[in-house]
Amino acid sequence: MTNPTGHEIAEALGLLLRRSTRAGLHAHLTEGLGEAVDELTYPLLSGLARTGACSAADLGREVGLDRTTVTRRADRLEEAGLLRREADPGDRRATLLVLTDAGQGAVRVTRERLAARIEGSLASWPAADARTFARLLRVFVDEGPFQA
Numbered sequence: 026m027t028n029p030t031g032h033e034i035a036e037a038l039g040l041l042l043r044r045s046t047r048a049g050l051h052a053h054l055t056e057g058l059g060e061a062v063d064e065l066t067y068p069l070l071s072g073l074a075r076t077g078a079c080s081a082a083d084l085g086r087e088v089g090l091d092r093t094t095v096t097r098r099a100d101r102l103e104e105a106g107l108l109r110r111e112a113d114p115g116d117r118r119a120t121l122l123v124l125t126d127a128g129q130g131a132v133r134v135t136r137e138r139l140a141a142r143i144e145g146s147l148a149s150w151p152a153a154d155a156r157t158f159a160r161l162l163r164v165f166v167d168e169g170p171f172q173a
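Sequential numbering from 26 applies to the sequence shown in my numbering.
Structure representation (structure tokens):
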């Protein structure tokens with residue numbers, strides 16, 4: 026029989042990863058950042074901040090979208106001045122997506138909002154418990170079933 030802890034964690038992760046949960050969170054994080062930054066384009070900005078310059082196909086793999094969807098959403102972000110396309114120095118036929126300074130600023134704002142929201146939700150926890158949770162969550166992400 027499977028350990029009930031595994032089931033509890035799986036259920037909590039399922040709730041956390043629901044598309045509706047993510048969309049609501051992304052809407053909060055991107056509020057007021059302009060029409061181009063919303064729950065659809067936020068994952069591209071966040072993904073580019075993690076990966077650095079990369080192709081639409083590589084970014085799609087990072088954020089779980091197909092290349093065509095990434096390209097359409099990247100068009101919106103490019104028009105808004107949040108990313109730019111550059112020739113790939115390793116393959117002149119390929120194009121890389123790169124965050125602009127404005128795009129990096131939008132990512133900074135969303136990450137600050139996310140950190141504040143998390144800290145707010147942990148405000149009633151004893152500080153030692155919050156630190157332990159953060160440490161153990163990092164271990165789970167690094168060593169658990171979702172490691173890259």
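Cβ atoms here follow ideal geometry from the backbone N, Cα and C, with glycine treated the same way.
Is L124 near the ligand ATP - that is, is its Cβ less than 8 Å away from at least one heavy atom of it? As far as ligands go, the structure on display features none, and thus does not contain the ligand ATP.
Report yes if the C-beta distance between V166 and L107 is below 9 Å; otherwise report no. no
DSSP state of L108 mapped onto helix, strand, coil: strand
Element boundaries [alpha helix (DSSP H), containing L50]: R44 to T55
CA-CA distance, E64 and R163? 25 Å
Closest by CA to L102, which one among L38, H32, L69 and P114? L69
State buried or exposed for R98, treating a residue as buried only when at least 16 other CB atoms are found within 10 Å of its CB. buried
Under the three-state reduction of DSSP, which class applies to V123: helix, strand or coil? strand
So does the segment 33-41 actually touch the segment 79-89, counting three or more Cβ pairs closer than 8 Å? no
Whose C-alpha, out of D83, L161 and R75, is nearest the C-alpha of A119? D83
Pairwise C-alpha distance: A112 and G49: 35 Å
So if DSSP puts D116 in a beta bridge, which residue, or which two residues, is it bridged to? D113
Of all the options D100, E137, G169 and E144, which has the alpha carbon lying nearest to the alpha carbon of L54? E137
How long is the line joining the alpha carbons of L124 and A78, rounded to whole angstroms? 7 Å
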